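**Q** For the sequence shown, the residue numbers in this note's numbering are 5 to 613.
In this text, a Cβ means the ideal position worked out from N, Cα and C, and glycines have one as well.
All values derive from a computational prediction rather than experimental measurement.
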Amino acid sequence: MSSVAHSSHWGAFTAVVTDDTLVDLVPEPRDPHPSPMIADLGESVDSGLRVRRPAARRSWLEAVRAERRSAGPSDRLGEDRHRHGERRGADPFVEIDWDEALDLAASELSRVRTEYGNAAIFGGSYGWSSAGRFHHARTQLHRFLNSFGGHTSQVGNYSFGAAAMILPHVLGPAQFANGRLSSWDVVSEHTQLWVMFGGLALKNTQLESGGISDHTIPGRLRATRDNGCAFVSVSPIRDDAPDFIDPQWLPIRPNTDTALMLGLGHTLLTEGLHDEGFLTTRCVGWERFRDYLDGSEDGTAKDADWAAEITRIPAETIRELARSMAGNRTMISVAWSLQRADHGEQPFWAALALAAMLGQIRWPGGGFGFGYGATGTMGNWQYPFPAPRLPVGVNAVSAPIPAARIADMLLAPGEKYEFNGEVRRYPDTRLVYWAGGNPFHHHQDLNRLRRGWARPETVIVHEPFWTATARHADLVLPATTTLERNDLGAASGDRRIIAMHRAITPRHEARADWDIFRALAGRLGVAEDFTAGRDEMEWIAHLYTSTRSAAAEHGIDLPEFADFWEEGGVDIPQGSTVLLEAFRADPVAHPLETPSGLIELFSATIDGF
Ligand SMILES: Nc1nc2c(c(=O)[nH]1)N[C@H]1C(S)=C(S)[C@@H](COP(=O)(O)OP(=O)(O)OC[C@H]3O[C@@H](n4cnc5c(=O)[nH]c(N)nc54)[C@H](O)[C@@H]3O)O[C@H]1N2
Ligand SMILES: Nc1nc2c(c(=O)[nH]1)N[C@H]1C(S)=C(S)[C@@H](COP(=O)(O)OP(=O)(O)OC[C@H]3O[C@@H](n4cnc5c(=O)[nH]c(N)nc54)[C@H](O)[C@@H]3O)O[C@H]1N2
Ligand SMILES: [Mo]
5 MSSVAHSSHW GAFTAVVTDD TLVDLVPEPR DPHPSPMIAD LGESVDSGLR
55 VRRPAARRSW LEAVRAERRS AGPSDRLGED RHRHGERRGA DPFVEIDWDE
105 ALDLAASELS RVRTEYGNAA IFGGSYGWSS AGRFHHARTQ LHRFLNSFGG
155 HTSQVGNYSF GAAAMILPHV LGPAQFANGR LSSWDVVSEH TQLWVMFGGL
205 ALKNTQLESG GISDHTIPGR LRATRDNGCA FVSVSPIRDD APDFIDPQWL
255 PIRPNTDTAL MLGLGHTLLT EGLHDEGFLT TRCVGWERFR DYLDGSEDGT
305 AKDADWAAEI TRIPAETIRE LARSMAGNRT MISVAWSLQR ADHGEQPFWA
355 ALALAAMLGQ IRWPGGGFGF GYGATGTMGN WQYPFPAPRL PVGVNAVSAP
405 IPAARIADML LAPGEKYEFN GEVRRYPDTR LVYWAGGNPF HHHQDLNRLR
455 RGWARPETVI VHEPFWTATA RHADLVLPAT TTLERNDLGA ASGDRRIIAM
505 HRAITPRHEA RADWDIFRAL AGRLGVAEDF TAGRDEMEWI AHLYTSTRSA
555 AAEHGIDLPE FADFWEEGGV DIPQGSTVLL EAFRADPVAH PLETPSGLIE
605 LFSATIDGF
């Protein structure tokens, strides 16, 4: 029997192994709220849904084999294969050996690059992959394709895609949606009233993309409550805020939060509860926004009665809430879900405007926060150096598509579209390569995706499991799960960097994404660019050592790699953050990264789109 340290999206744990079989997964003992999902990992590893051997879709395989036997690519065969794409998801699969699978993948990549250029290779491959930062499949794919001359990638994400686009125009970098927050200790100590748009659903705090050793948020929330903070949860679902914080629940009609925020702002304005000083010294566009609120601009006052009609929250409740927000140290939080919607940028912008009207951005525990509790570390202090990450190199194809436009891209090659004030064109996709994501689960309109997915000539997928996406591929390469390899787990809001030791041997014929790409890179003549001459453990040591140097620049001493690896991880000393502290104190010396250096309640840039 052996016990090794490991980690996953759902938490850090010790894997107990006998005869190459997982017999127990014991959550990190210091974790106060380990996720029950950790226990299921063991079962998934040996599930009947594992991809056992490389597999190819039959009619695609016949076409590619015939083409390889003939002198080279012919238009007729290309056309055939194109037509056969409609059978993706319907044709049976044929198992093949690794050598042939790698030869086919390499020759398809070469053919498409030669005939259509690198932009015809779509390698966006959106998805969470696994927690380990070295074997992160999507990052491995990007590094591999970049060393091969580039690929069409994706920008943004499904999580906070609209926020990531609006915030740079009106507040600053997208990190304001992804962890740049006042830390829990500050909120627990100072906040008196917390108005949560979309609640703070504890279900979502179970996981973190780089893994998590410490599920702190339930305890932090309880401490905030125990310190006397009152909570209002504005959400269609009652248990988006846990009972133990005793929230006032305001059930709202989904997608109408902006109207509520405007109604609250209108009450602040008409009752003189807004902070004119903050609005005129720390913001631009206050007059324009005020004229919109009171109706001078369009004849409609956005008052509480107007908002009540749209949101179905009574007008008197809205007025009382506005007064109470002005009378208390108030935190306004907004869940990511609000912006994962039509016109999703509006509630984030409106929440910022409402917080600016209250003017409490000047005080600890007041102001706003985007995404508290969206994942297990959101609101935790973030260490000041970057978490380890495999470098992807440079993508010579500099025209990524917005993450959620995959179906649009596949269905409309060459067509124009607008994005963030620019006119762009979709590439003509001939080959789709996906590793570490499941678009047939995560995309919105799956029937439309299926129609688009039929168009490329070749679809290659790496997966440990027969997911819907694997079933819609031409070539499926079996990937190992995290437990079958060594790695490094880290998230900048988690207290620990985790040494992830291999617990079991690879199942069936599975190979690490890294090994698959290394073999392909060898066939394509770019092995040195891809591997940089390092093997798995050399890479893990290299990533850790780079992080250790970056930490040292901030006066944080981390042990040497060998000691870290042996120990199973290292704890990072914790700190505290008050959001926008420097800007609040001196906006001239510490301007925001917006065009004006201030909060933009009106944006000339967006107005120009
Ligand atoms: N209807 C609806 N759709 C949504 C959302 C929603 O709220 N509602 N949320 C959206 C959001 S925010 C997100 S982030 C996405 C999530 O979308 P995804 O990240 O695509 O979802 P996952 O199912 O986590 O996909 C990860 C895949 O990687 C595979 N995998 C794990 N480890 C490895 C590995 O080592 N190698 C390889 N090659 N593969 C591996 C897993 O088996 C799994 O199939 O979904 C989006 N879609
Ligand atoms: N257990 C678990 N946790 C996860 C994930 C997972 O798959 N499983 N995925 C992770 C990922 S990738 C992400 S991006 C985050 C997502 O984090 P969020 O976007 O915060 O999560 P959701 O669960 O989509 O939404 C939170 C709540 O918002 C409410 N809501 C929806 N629409 C509206 C609206 O218009 N107005 C208001 N006021 N409320 C609304 C819903 O009731 C919902 O329960 O979760 C992460 N955490
Ligand atoms: Mo997400």
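Secondary structure at S402, three-state DSSP: helix, strand or coil?
**A** For the purposes of this step, residue 402 is taken as residue 398 along the sequence shown, with counting starting at 1. In the structure shown, S402 sits in coil (DSSP, three-state: anything other than H, G, I, E or B).
**Q** Please find out if some non-hydrogen atom of ligand 1 comes closer than 7 Å to the beta-carbon of T486.
**A** As a working note, residue 486 is residue 482 in the sequence shown. Yes, Cβ of T486 sits closer than 7 Å to a heavy atom of ligand 1.
**Q** According to DSSP, is H173 helix, strand or coil?
**A** Locating residue 173 in the sequence shown gives position 169, counting from the first residue. Looking at H173 - three-state DSSP - the assignment turns out to be helix.
**Q** On the premise that A495 lies in contact with E212, defined as a C-beta separation below 8 Å, what is that separation, rounded to the nearest angstrom?
**A** What you label residue 212 is simply residue 208 of the sequence shown in a count that begins at 1. What you label residue 495 is simply residue 491 of the sequence shown in a count that begins at 1. Rounded, the Cβ-Cβ distance is 5 Å, consistent with contact.
**Q** From this set, E542, R500 and E604, which residue's C-alpha is nearest I576's C-alpha?
**A** Working through the sequence shown from its first residue, we reach residue 576 at position 572. Put simply, of E542, R500 and E604 the residue whose alpha carbon is nearest the alpha carbon of I576 is R500.
**Q** Could you tell me if the beta carbon of N161 falls within a distance shorter than 7 Å of some heavy atom in ligand 3?
**A** In the sequence shown, counting from the first residue as 1, residue 161 sits at position 157. Yes; taking the cut-off as 7 Å, the Cβ of N161 has a heavy atom of ligand 3 nearer than that.
**Q** Could you give the first and the last residue of the continuous alpha helix (DSSP H) run that contains V199?
**A** In the sequence shown, counting from the first residue as 1, residue 199 sits at position 195. That residue, V199, is in no alpha helix (DSSP H); its beta strand (DSSP E) goes L197 to F201.
**Q** Tell me whether G373 sits in a helix, a strand or coil according to DSSP, three-state version.
**A** Position 369 of the sequence shown, counted from the start, is the residue given in the question as residue 373. Note: G373 maps to strand in three-state DSSP.
**Q** Please identify the residue among G89, T271, D35 and Q210 whose C-alpha is closest to the C-alpha of M41.
**A** Translated into positions along the sequence shown, residue 41 becomes position 37. Closest option to M41, Cα to Cα, is Q210.
**Q** CB of W340 to nearest heavy atom of ligand 4: below 7 Å?
**A** In terms of ligand content, the structure shown lacks ligand 4 and carries ligand 1, ligand 2 and ligand 3 instead.
**Q** At the level of alpha carbons, what is the spacing between N150 and V190?
**A** As a first step, residue 150 is located in the sequence shown; it is residue number 146 there, counting from the start. As a first step, residue 190 is located in the sequence shown; it is residue number 186 there, counting from the start. Rounded to whole angstroms, N150 to V190 spans 42 Å at the Cα level.
**Q** Can you give the beta carbon distance from F283 to W290, rounded, assuming they're within the 8 Å contact cut?
**A** The residue you call residue 283 lines up with position 279 of the sequence shown. The residue you call residue 290 lines up with position 286 of the sequence shown. Note on identity: in this sequence residue 283 is Leu, with Phe being the wrong assignment. The pair is a contact, with the Cβ atoms about 4 Å apart (cut-off 8 Å).
**Q** For E32, count neighbouring Cβ atoms within 10 angstroms of its own Cβ and tell me buried if that reaches 16, exposed if not.
**A** Locating residue 32 in the sequence shown gives position 28, counting from the first residue. E32 should be labelled buried.
**Q** Where do the N-terminal and C-terminal ends of the beta strand (DSSP E) with V21 fall, by residue?
**A** Position 17 of the sequence shown, counting from 1, holds the residue named residue 21. Taken as a continuous stretch (DSSP letters only), the beta strand (DSSP E) holding V21 covers G15 to T22.
**Q** Say whether the stretch 256-269 touches the stretch 357-370, bearing in mind that this needs 3 or more beta-carbon pairs closer than 8 Å, one atom from each stretch.
**A** yes
**Q** For A205, which of L225, W188, D218 and Q196 has the nearest alpha-carbon?
**A** In the sequence shown, counting from the first residue as 1, residue 205 sits at position 201. Looking at the Cα atoms, L225 is the closest of the given residues.
**Q** With hydrogens ignored, establish whether the beta-carbon of S186 is closer than 7 Å to any heavy atom of ligand 2.
**A** Mapped onto the sequence shown, residue 186 falls at position 182. Checking every heavy atom of ligand 2 against the Cβ of S186, none is found closer than 7 Å.
**Q** Which partner residues does G493 have in the DSSP bridge list?
**A** As a working note, residue 493 is residue 489 in the sequence shown. For G493, which the question treats as bridged, DSSP gives the partners I502.
**Q** Indicate the three-state DSSP secondary structure (helix, strand or coil) for H430 in the structure shown.
**A** Taking the sequence shown and counting its residues from 1, one reaches residue 430 at position 426. The sequence shown places Tyr at residue 430, not His. Coil at Y430, not helix or strand.
**Q** What span of residues does the beta strand (DSSP E) with A59 cover, start to end?
**A** The residue given as residue 59 occupies position 55 in the sequence shown. From DSSP, the beta strand (DSSP E) with A59 extends over A59 to R61.
**Q** So R627 and F606 are in contact, right, with Cβ under 8 Å, and what is the actual spacing, rounded?
**A** Any question about residue 627 goes unanswered here, given that the chain covers just 5 to 613.
**Q** Between the Cα of F17 and those of L583, I125 and H505, spot the shortest distance and give me the residue it belongs to.
**A** The residue you call residue 17 lines up with position 13 of the sequence shown. It is H505 whose Cα lies nearest to the Cα of F17.
**Q** Determine the direct distance from the alpha carbon of L106 to that of A523, and round the result to whole angstroms.
**A** Indexing the sequence shown from 1 puts residue 523 at position 519. Indexing the sequence shown from 1 puts residue 106 at position 102. If you take the alpha carbons of A523 and L106, they lie about 7 Å apart.
**Q** Which residues in the same chain as D517 place their Cβ atom closer than 6 Å to its Cβ, once the five residues preceding and following it in sequence are excluded?
**A** On the sequence shown, position 513 is the one that residue 517 refers to. Correct list, in chain order: A141, Q144, A439, H466 and A483.
**Q** Can you give the Cα-Cα distance for D533 and A608, rounded to whole angstroms?
**A** The residue labelled residue 533 in the question sits at position 529 within the sequence shown. The residue labelled residue 608 in the question sits at position 604 within the sequence shown. Taking the straight line from one Cα to the other gives about 44 Å.
**Q** Taking only three categories from DSSP, how would you classify L29?
**A** Position 25 of the sequence shown, counting from 1, holds the residue named residue 29. Residue state, collapsed to three classes: strand.
**Q** Taking a contact to mean a Cβ-Cβ separation below 8 Å, would you say A234 touches L197 in this structure?
**A** For the purposes of this step, residue 234 is taken as the residue at position 230 of the sequence shown. For the purposes of this step, residue 197 is taken as the residue at position 193 of the sequence shown. Contact flag set, yes.
**Q** Pick out the complete alpha helix (DSSP H) segments inside the stretch 220-283, 4 residues or longer, and give them in chain order.
**A** 221-230 and 261-274
**Q** What residues are listed by DSSP as bridge partners for A9?
**A** Translated into the one-based positions of the sequence shown, residue 9 becomes position 5. For A9, the pairing in a beta bridge is given by DSSP as T18.
**Q** Nearest CA to the CA of A43: which residue from S114, F248 and G15?
**A** As a position in the sequence shown, residue 43 is number 39, starting the count at 1. Answer by Cα proximity: G15.
**Q** Taking 7 Å as the cut-off, is the beta-carbon of G203 closer than that to any non-hydrogen atom of ligand 2?
**A** Position 199 of the sequence shown, counted from the start, is the residue given in the question as residue 203. Checking every heavy atom of ligand 2 against the Cβ of G203, one is found closer than 7 Å.
**Q** Taking 7 Å as the cut-off, is the C-beta of D44 nearer than that to any heavy atom in ligand 1?
**A** As a position in the sequence shown, residue 44 is number 40, starting the count at 1. Because no heavy atom of ligand 1 lies under 7 Å away, the Cβ of D44 does not count as near it: no.
**Q** Go ahead and label E112 buried or exposed: buried means 16 or more other beta carbons lie within 10 angstroms of its beta carbon, across all protein chains shown.
**A** Taking the first residue of the sequence shown as position 1, residue 112 is located at position 108. The residue in question, E112, is buried, as its Cβ has 16 or more Cβ neighbours within 10 Å.
**Q** Nearest-angstrom Cα distance between Y376 and G369?
**A** The count along the sequence shown starts at 1 and reaches residue 376 at position 372. The count along the sequence shown starts at 1 and reaches residue 369 at position 365. Those two C-alpha atoms are separated by around 13 Å.
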